[in-house]
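Engineer: Under this note's numbering, think of the first position of the sequence shown as 372, with each following residue one higher.
By construction, the Cβ of each residue, glycine as well, lies at the ideal position given by its N, Cα and C atoms.
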Amino acid sequence: MNKKEQELRDVWEKSDKFLKKILYANIVGNYDILSYSRTHQDFIEKFDYIEKLKNLKSLIIQDIDFYKFNSIPENWLPLLEQIEELYIESHSFKLFPFERLKNIKKLTLGYCKISNIREIESLTRLEELNAYEINFKIDKLINLKKIKIKSPKIDDLKNLKYITNLKSLSISGSRVDRSFNKVISNLNQINELDVSFCYNFDFNCLYKLKNLKHLNIGHIWEPSIKPIIPIASNLESLNLEGNIFKDLHLLKKFNNLKSLDVSQCNVDGYLDFDFLKSLTKLEFLRFDDNTNKIKNFYSVRFCKNLKKISFEYSNLDSIKGLEYCKHLEWINATCCNIKSLSSLRKLNSLKYVYLQNCGITNIEPLRNQVNLIELDLYDNPIDDISPLINVLRIEYLSLGGYRNSKTINDLSVLIDKVYLKDLDLVNQNIQNISFLEKMKELQALNLSGNALDEIEIKKLKKLTKLKDLNVSDCNINNISYISRLTNLVCLNLDGNSIKNYHPLLSLNNLKYLELGLNIEDYSIFTHKNFPHGYNWRFLQKNND
Numbered sequence: 372m373n374k375k376e377q378e379l380r381d382v383w384e385k386s387d388k389f390l391k392k393i394l395y396a397n398i399v400g401n402y403d404i405l406s407y408s409r410t411h412q413d414f415i416e417k418f419d420y421i422e423k424l425k426n427l428k429s430l431i432i433q434d435i436d437f438y439k440f441n442s443i444p445e446n447w448l449p450l451l452e453q454i455e456e457l458y459i460e461s462h463s464f465k466l467f468p469f470e471r472l473k474n475i476k477k478l479t480l481g482y483c484k485i486s487n488i489r490e491i492e493s494l495t496r497l498e499e500l501n502a503y504e505i506n507f508k509i510d511k512l513i514n515l516k517k518i519k520i521k522s523p524k525i526d527d528l529k530n531l532k533y534i535t536n537l538k539s540l541s542i543s544g545s546r547v548d549r550s551f552n553k554v555i556s557n558l559n560q561i562n563e564l565d566v567s568f569c570y571n572f573d574f575n576c577l578y579k580l581k582n583l584k585h586l587n588i589g590h591i592w593e594p595s596i597k598p599i600i601p602i603a604s605n606l607e608s609l610n611l612e613g614n615i616f617k618d619l620h621l622l623k624k625f626n627n628l629k630s631l632d633v634s635q636c637n638v639d640g641y642l643d644f645d646f647l648k649s650l651t652k653l654e655f656l657r658f659d660d661n662t663n664k665i666k667n668f669y670s671v672r673f674c675k676n677l678k679k680i681s682f683e684y685s686n687l688d689s690i691k692g693l694e695y696c697k698h699l700e701w702i703n704a705t706c707c708n709i710k711s712l713s714s715l716r717k718l719n720s721l722k723y724v725y726l727q728n729c730g731i732t733n734i735e736p737l738r739n740q741v742n743l744i745e746l747d748l749y750d751n752p753i754d755d756i757s758p759l760i761n762v763l764r765i766e767y768l769s770l771g772g773y774r775n776s777k778t779i780n781d782l783s784v785l786i787d788k789v790y791l792k793d794l795d796l797v798n799q800n801i802q803n804i805s806f807l808e809k810m811k812e813l814q815a816l817n818l819s820g821n822a823l824d825e826i827e828i829k830k831l832k833k834l835t836k837l838k839d840l841n842v843s844d845c846n847i848n849n850i851s852y853i854s855r856l857t858n859l860v861c862l863n864l865d866g867n868s869i870k871n872y873h874p875l876l877s878l879n880n881l882k883y884l885e886l887g888l889n890i891e892d893y894s895i896f897t898h899k900n901f902p903h904g905y906n907w908r909f910l911q912k913n914n915d
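1) With a 10 Å radius around its C-beta and 16 neighbouring C-beta atoms as the bar for buried, classify D527 as buried or exposed.
2) With distances taken between CB atoms, is the gap from E700 to K717 smaller than 8 Å?
3) Tell whether a beta-carbon distance below 8 Å holds between C696 and V671.
4) Going residue by residue through the stretch 437 to 488, where are the continuous beta strand (DSSP E) segments of at least 3 residues, counting only ones entirely within it?
5) Can you have a look at W592 and say buried or exposed, based on whether 16 or more other CB atoms are within 10 angstroms of its CB?
6) According to DSSP, Y641 sits in a beta bridge with which residue or residues?
7) List the whole-angstrom C-beta distance separating L450 from L424, where the pair is believed to meet the contact cut-off of C-beta under 8 Å.
8) Got a sec, what are the start and stop residues for the beta strand (DSSP E) K617 sits in?
9) Let me check understanding here. Comparing Cα to Cα, which of A815, P736, S783, N800 lies closest to F766?
10) Report buried or exposed for A704, applying the criterion of at least 16 other Cβ atoms within 10 angstroms of its Cβ.
11) Should L586 go down as buried or exposed, given a rule of 16 or more other Cβ atoms within 10 Å for buried?
12) What are the residues that DSSP puts in a beta bridge with D632?
13) Write down the C-beta distance between D682 and T651 rounded to the nearest angstrom, noting that I regard them as a contact closer than 8 Å.
14) Over the uninterrupted alpha helix (DSSP H) stretch that includes S550, give me the two end residues.
15) Comparing alpha-carbon positions, which option in R546, Q560, D548 lies nearest L540?
16) Identify every residue that forms a DSSP beta bridge with H698.
17) Measure the Cβ-Cβ separation of L796 and L818 and say whether it is below 8 Å.
18) Considering only C-alpha positions, which residue in the set S689, F551, F568 is nearest to N575?
19) Helix, strand or coil for H585, going by three-state DSSP, please let me know.
20) Q377 lies in the alpha helix (DSSP H); which residues open and close that run?
21) Check for me: the beta strand (DSSP E) holding L500 runs from which residue to which?
22) Given this structure, state the Cα-to-Cα distance separating L515 from K476, to the nearest angstrom.
23) With respect to the alpha helix (DSSP H) encompassing N559, which residues constitute its N-terminal and C-terminal limits?
24) Measure the alpha-carbon distance for K623 versus K392 and round it to whole angstroms.
25) Is it buried or exposed, K882, if we count other Cβ atoms within 10 angstroms and call 16 or more buried?
26) So, for I404: in the same chain, excluding its five sequence neighbours on each side, which residues have a beta-carbon less than 6 Å away from its beta-carbon?
27) Any idea if V633 is buried or exposed, counting beta-carbon neighbours within 10 angstroms, 16 or more meaning buried?
28) Take the Cβ of Y773 as the centre, count every other Cβ of all protein chains shown within 10 Å, and call the residue buried at 16 or more, exposed below.
29) On a CA-only basis, which of K666, T662, N661 is nearest L647? Give me that one, please.
30) In whole angstroms, what is the alpha-carbon distance linking L677 and G589?
31) Hey, out of F668, S649, V638, E654, whose CA is closest to T662's CA?
32) Compute the distance between the beta-carbons of I731 and N751, then report whether it is under 8 Å.
33) Comparing alpha-carbon positions, which option in K833, L531, N605 lies nearest L558?
34) How would you label E376, buried or exposed, when you count the other beta carbons within 10 angstroms and need 16 or more for buried?
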């Protein structure tokens with residue numbers, strides 16, 4: 372056993388149970404995992420942790436305060452030397468061994484009170500920094516390329532001009548004044564700037580930033596985009612979300628844009644898309660949550676490079692013009708009254724289509740969309756899904772609904788959708804689920820509101836990869852089949868007449884369970900039987 376392997380073995384073996392949970396969560400998780408899940412999840416004591424620790428490049432250190440840790444465990448120090456990404460958030464940490472971070476590239480500092488914080492200045496390999504505030508000489512970090520500061524001081528920003536490699540700056544949500552505007556105007560090296568929610572920010576300072584390509588000025592409540600016209604031809608992405616612009620027609624001058632977001636832009640009168648005629652390089656367009664009526668959307672036909680478009684909860688009632696966007700792969704039209712899909716008929720590059728609650732009755736235009744991976748038709752009055760017969764590679768499909776008045780006549784078209792991982796068939800008056808038996812890859816299934824007899828419901832036992840199952844309001848009284856579904860994490864049995872819940876005892880991975888109020892006997896619902904149960908009210912009935 373070499374020295375490195377012994378050090379990694381000590382990282383695991385010399386950690387107590389709580390620290391092992393943190394390590395295990397880092398090995399199998401990511402930044403998106405909730406803090407509760409990290410600290411309370413169970414872990415596997417015996418597994419090949421050596422190889423996993425050898426390959427560990429990112430580390431999250433959070434929630435340690437509850438256990439009164441004020442420093443990194445000594446046996447963890449060798450692990451820090453290989454880490455490239457580190458997230459720290461701790462009220463109790465007093466000292467941190469920054470000198471051990473020899474390969475660090477990305478550092479995120481949440482709210483911390485580390486007394487030796489100035490030692491960060493020695494991390495000259497650091498390329499990305501996210502911090503609540505800066506309490507050290509940031510200009511010492513000469514290789515920084517990306518900085519995000521929540522509460523910057525003017526002196527911090529002044530020193531950024533000395534970091535010649537700096538390309539991206541975000542001060543989103545910060546309180547700024549005129550002095551900030553002047554300093555930012557001198558950061559000629561940056562090509563990306565995020566000043567969203569900076570209500571006192573002055574656009575007029577941007578004209579000097581000749582290298583700027585990506586700009587986010589969302590939610591600043593500015594009435595005009597004229598101040599950024601001088602850099603219009605340089606910009607490739609522009610976020611104007613949540614502003615009150617009255618001159619969006621000037622966007623025609625931004626003819627190099629590849630990405631544009633005009634969501635929640637409360638313009639006077641109509642939201643006029645005539646400017647799209649000039650944006651021929653556009654690849655992404657978003658205008659969600661717009662209450663204005665929409666005019667000249669047909670101009671989208673000039674955006675022949677468009678790949679992704681989102682306009683959920685908007686007043687768009689026709690997608691005519693999209694038929695010319697042959698490269699379109701992703702469309703989100705959730706809660707828009709578009710009704711007709713005829714413009715999608717020949718868009719053979721479509722992969723992700725979200726059409727929830729759009730008043731659609733006919734999906735014939737989707738017949739040749741053989742590349743579809745995800746399709747959401749939830750809450751649409753559709754009774755015929757035969758056009759989906761050639762969609763064989765689909766992984767996510769939602770056909771259910773609570774508001775629509777129609778149910779699908781024939782679900783047999785789904786029988787060969789063997790790659791499905793997530794299927795929603797709420798309230799479809801289903802009585803036979805034989806078409807599900809070949810869907811061995813299913814991980815999430817929603818059959819809520821379908822009257823399934825005991826013979827049919829037993830067919831689910833073959834779907835052993837299921838992690839999330841909803842069979843609420845299905846007139847079920849026997850759940851013996853459940854014991855085979857040992858990978859279940861989420862289970863909803865609400866609205867059924869079930870007497871015997873003992874089959875649940877074999878579900879060792881179950882964390883989320885909904886049973887409703889029709890339980891007569893709570894005796895098996897103990898913390899001992901269900902140690903992973905997350906916030907189950909009925910576990911309090913028996914405190915064993």
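Structural biologist: Walking through what the data contain:
1) Residue mapping note: residue 527 aligns to position 156 of the sequence shown, counting from 1. It is buried - the Cβ of D527 has at least 16 other Cβ atoms within 10 Å.
2) Numbered from its first residue, the sequence shown carries residue 700 at position 329. Numbered from its first residue, the sequence shown carries residue 717 at position 346. Not a contact, by the Cβ cut-off of 8 Å.
3) By one-based count along the sequence shown, residue 696 stands at place 325. By one-based count along the sequence shown, residue 671 stands at place 300. In this structure, V671 lies closer than 8 Å to C696 by Cβ.
4) 456 to 461, 477 to 483
5) Within the sequence shown, residue 592 is the residue found at index 221, counting from 1. W592 is exposed by the Cβ-count criterion.
6) Residue numbering aside, residue 641 sits at position 270 when the sequence shown is read from its first letter. In DSSP, Y641 forms no bridge with anything.
7) Within the sequence shown, residue 450 is the residue found at index 79, counting from 1. Within the sequence shown, residue 424 is the residue found at index 53, counting from 1. Contact flag correct, Cβ pair sits at about 7 Å.
8) Position 246 of the sequence shown, counted from the start, is the residue given in the question as residue 617. K617 -> no beta strand (DSSP E), and no H or E assigned at all.
9) Sequence index remark: in the sequence shown, residue 766 carries index 395 (1-based). Reading off the sequence shown, one finds Glu at residue 766, where the question assumed Phe. Checked all of A815, P736, S783, N800; the closest Cα to E766 is A815.
10) To locate residue 704, count along the sequence shown from 1; it is residue 333. Buried, by the Cβ-count rule.
11) For the purposes of this step, residue 586 is identified with residue 215 of the sequence shown, where counting begins at 1. Buried, because 16 or more other Cβ atoms sit within 10 Å of the Cβ of L586.
12) Counting from 1 along the sequence shown, the entry for residue 632 is found at position 261. D632 pairs with N610, R657.
13) To locate residue 682, count along the sequence shown from 1; it is residue 311. To locate residue 651, count along the sequence shown from 1; it is residue 280. Going by the sequence as given, residue 682 is Phe instead of Asp. Their Cβ separation, rounded to whole angstroms, is 20 Å, which puts F682 and T651 out of contact at 8 Å.
14) For the purposes of this step, residue 550 is identified with residue 179 of the sequence shown, where counting begins at 1. Here the alpha helix (DSSP H) through S550 covers 549 to 555.
15) Start at 1 with the first residue of the sequence shown, and residue 540 comes out as number 169. Measuring from the Cα of L540, the nearest candidate turns out to be Q560.
16) Residue 698 sits at position 327 when you count from the first residue of the sequence shown. BP columns for H698 are empty, so no partner.
17) Residue mapping note: residue 796 aligns to position 425 of the sequence shown, counting from 1. Residue mapping note: residue 818 aligns to position 447 of the sequence shown, counting from 1. Result yes, Cβ atoms of L796 and L818 sit closer than 8 Å.
18) For the purposes of this step, residue 575 is identified with residue 204 of the sequence shown, where counting begins at 1. Out of S689, F551, F568, F551 has the C-alpha closest to the C-alpha of N575.
19) The residue labelled residue 585 in the question sits at position 214 within the sequence shown. Looking at H585 - three-state DSSP - the assignment turns out to be strand.
20) Locating residue 377 in the sequence shown gives position 6, where the first residue counts as 1. For Q377, the enclosing alpha helix (DSSP H) begins and ends at 374 to 384.
21) Walking along the sequence shown from the start, residue 500 turns up at place 129. Taken as a continuous stretch (DSSP letters only), the beta strand (DSSP E) holding L500 covers 499 to 502.
22) The count along the sequence shown starts at 1 and reaches residue 515 at position 144. The count along the sequence shown starts at 1 and reaches residue 476 at position 105. C-alpha separation (whole angstroms): 9 Å.
23) In the sequence shown, residue 559 corresponds to position 188, counting from 1. Per DSSP, N559 belongs to no alpha helix (DSSP H) and is neither H nor E.
24) As a position in the sequence shown, residue 623 is number 252, starting the count at 1. As a position in the sequence shown, residue 392 is number 21, starting the count at 1. Those two C-alpha atoms are separated by around 54 Å.
25) The residue labelled residue 882 in the question sits at position 511 within the sequence shown. Answer is buried; the Cβ neighbour count reaches 16.
26) Numbered from 1 along the sequence shown, position 33 holds the residue referred to as residue 404. Low confidence applies to I404: its pLDDT is 49, below 50, so where it sits in the model is not reliable, and the reading given next is rough at best. For I404, same chain residues with a beta-carbon under 6 Å away, outside a window of 5 residues either side, do not exist.
27) Position 262 of the sequence shown holds residue 633. The residue in question, V633, is buried, as its Cβ has 16 or more Cβ neighbours within 10 Å.
28) Here residue 773 refers to the residue found at position 402 of the sequence shown. It counts as exposed.
29) Working through the sequence shown from its first residue, we reach residue 647 at position 276. When only C-alpha atoms are compared, the closest one is K666.
30) For this step, residue 677 is matched to residue 306 along the sequence shown. For this step, residue 589 is matched to residue 218 along the sequence shown. Their backbone Cα atoms lie some 22 Å apart in a straight line.
31) Taking the sequence shown and counting its residues from 1, the one referred to as residue 662 is at position 291. The shortest Cα separation from T662 among F668, S649, V638, E654 belongs to V638.
32) The count along the sequence shown starts at 1 and reaches residue 731 at position 360. The count along the sequence shown starts at 1 and reaches residue 751 at position 380. Going by C-beta atoms, I731 is nearer than 8 Å to N751.
33) Within the sequence shown, the letter at position 187 stands for residue 558. Ranking the options by Cα distance to L558, first place goes to L531.
34) For this step, residue 376 is matched to residue 5 along the sequence shown. Burial call: exposed.
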